[in-house]
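Only one structure is covered here, and it is reproduced in the block below.
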Amino acid sequence: MSTINTKIEAKAHVYGDHIDTDRIIPGKYTKTLDLSTLANHVLEDLDPNFNKIVQQGDILVAGINFGCGSSREQAPLALKQSGVSVVIAEDFARIFFRNAINIGLPVLEIGKHNIQKGAELSIDLKNGKVTDLSANKTYAATKLPDIMIAILKEGGLVNYLKKNGTYTL
Numbered sequence: 069m070s071t072i073n074t075k076i077e078a079k080a081h082v083y084g085d086h087i088d089t090d091r092i093i094p095g096k097y098t099k100t101l102d103l104s105t106l107a108n109h110v111l112e113d114l115d116p117n118f119n120k121i122v123q124q125g126d127i128l129v130a131g132i133n134f135g136c137g138s139s140r141e142q143a144p145l146a147l148k149q150s151g152v153s154v155v156i157a158e159d160f161a162r163i164f165f166r167n168a169i170n171i172g173l174p175v176l177e178i179g180k181h182n183i184q185k186g187a188e189l190s191i192d193l194k195n196g197k198v199t200d201l202s203a204n205k206t207y208a209a210t211k212l213p214d215i216m217i218a219i220l221k222e223g224g225l226v227n228y229l230k231k232n233g234t235y236t237l
């Protein structure tokens, strides 16, 4: 059963460059396993109102080096739990990128963009396209390999491995 849609339309929340994992979820909240606590504090040091304005399915857009810093898996988990359906950036810290895929949060690299806060975006994960419906502009994203799309469709790596019989407890 697919847990993500490969076609997403939603509003953009746009932030800048070098947003590290401490800005995504402050370290003082990473000692909990309660995902709602993580969601309540996601991006609070960058945008104190984010958890109040983000809607289920919204899209996070950033510049370069998104997710730099520590390798904490709580950063993509907090974003996903808050309702973010996909993160788009010019590029990602590699460990954040892999952690996001592993927990079932789609991430796309689109290079230099001019997406504005509040823009309505249409995302085609399978074909690697991001269309800014507000500006009538389409960006080519780095296409995700089929295996990553399959992992995302299952909601993350563990679910994917369970479904394919290669993971047992």
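When the count follows the numbering used here, it moves up by one through the sequence shown with no breaks and lands on 237 for the last residue. C-beta atoms are modelled at their ideal positions from N, C-alpha and C, and glycine is treated no differently.
Whole angstroms are fine: how far does the CA of residue j sit from the CA of residue i?
{"i": "residue 132", "j": "residue 197", "result": "18 Å"}
{"i": "residue 121", "j": "residue 187", "result": "14 Å"}
{"i": "residue 87", "j": "residue 123", "result": "21 Å"}
{"i": "residue 234", "j": "residue 224", "result": "14 Å"}
{"i": "residue 231", "j": "residue 220", "result": "13 Å"}
{"i": "residue 227", "j": "residue 93", "result": "24 Å"}
{"i": "residue 214", "j": "residue 77", "result": "21 Å"}
{"i": "residue 168", "j": "residue 75", "result": "18 Å"}
{"i": "residue 202", "j": "residue 96", "result": "38 Å"}
{"i": "residue 181", "j": "residue 229", "result": "35 Å"}
{"i": "residue 142", "j": "residue 98", "result": "7 Å"}
{"i": "residue 204", "j": "residue 195", "result": "18 Å"}
{"i": "residue 136", "j": "residue 85", "result": "10 Å"}
{"i": "residue 72", "j": "residue 199", "result": "18 Å"}
Are the beta-carbon atoms belonging to residue i and residue j less than 8 Å from one another?
{"i": "residue 208", "j": "residue 177", "result": "no"}
{"i": "residue 211", "j": "residue 172", "result": "no"}
{"i": "residue 140", "j": "residue 105", "result": "no"}
{"i": "residue 110", "j": "residue 183", "result": "no"}
{"i": "residue 126", "j": "residue 152", "result": "yes"}
{"i": "residue 107", "j": "residue 150", "result": "yes"}
{"i": "residue 134", "j": "residue 154", "result": "no"}
{"i": "residue 80", "j": "residue 129", "result": "yes"}
Per DSSP, what kind of secondary structure is residue i in: helix, strand or coil?
{"i": "residue 194", "result": "coil"}
{"i": "residue 78", "result": "strand"}
{"i": "residue 85", "result": "coil"}
{"i": "residue 124", "result": "coil"}
{"i": "residue 239", "result": "The question about residue 239 has no answer here: the residues shown for the chain are numbered 69 through 237."}
{"i": "residue 113", "result": "coil"}
Taking buried to mean at least 16 other C-beta atoms within 10 Å of its own C-beta, is residue i buried or exposed?
{"i": "residue 102", "result": "exposed"}
{"i": "residue 144", "result": "buried"}
{"i": "residue 174", "result": "buried"}
Got a sec, what are the start and stop residues for the alpha helix (DSSP H) residue i sits in?
{"i": "residue 226", "result": "225-231"}
{"i": "residue 205", "result": "From DSSP, residue 205 is part of no alpha helix (DSSP H) but of the beta strand (DSSP E) over 205-208."}
{"i": "residue 132", "result": "First-last for residue 132: undefined, no H or E at that position."}
{"i": "residue 109", "result": "103-109"}
{"i": "residue 142", "result": "142-150"}
In the DSSP assignment, find the beta strand (DSSP E) that holds residue i and state where it starts and stops.
{"i": "residue 157", "result": "154-157"}
{"i": "residue 176", "result": "175-177"}
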